[in-house]
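Here my numbering is used: the first residue of the sequence shown is 9, the next is one more, and so on. Glycine residues also receive a C-beta, built at the ideal position from the N, C-alpha and C atoms. The next block holds one structure in the form of structure tokens; read it before the comments.
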Amino acid sequence: MRCADGWAPDEYRKTAMTTTEDPTAKNRAEDRAERAERMARDGAQAMADHKAQIRAVDDRTQRLRAMRLAKEAEVAAQAPEPAAPKPKRKRTVKA
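Pasting the structure below:
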């Protein structure tokens, strides 16, 4: 039974529970808090994994660069010295 404005009469309103008394609201709030904590932990773990992967790539890149430079230096040391270039002759223009 409702009044003309859509609200229930006073006797019905008195028996209705408010959200602070509602046990399911408390459970939902606890669930949201647990989910937020879990997501924060998962996010921190994901960031740590991401940074570890970046460090691994950087370490591998440095190691490979050092190996490449050492190999290039070895090849350069074994290569014969290039001969000095011949001086260019100047062309004379005949008139």
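* Straight-line CA distance for A74 to A81? -> Roughly 11 Å between the two C-alpha positions.
* From E42 to I62, what does the alpha carbon distance come to, in whole angstroms? -> Approximately 30 Å between the Cα atoms of the pair.
* **Local conformation of P90 per DSSP, three classes** => When secondary structure is reduced to three states using DSSP, P90 falls in the coil class, being assigned neither helix nor strand.
* **C-alpha gap between K59 and K96, whole angstroms** => About 58 Å.
* Determine the direct distance from the alpha carbon of P93 to that of D67, and round the result to whole angstroms. => One C-alpha to the other measures close to 43 Å.
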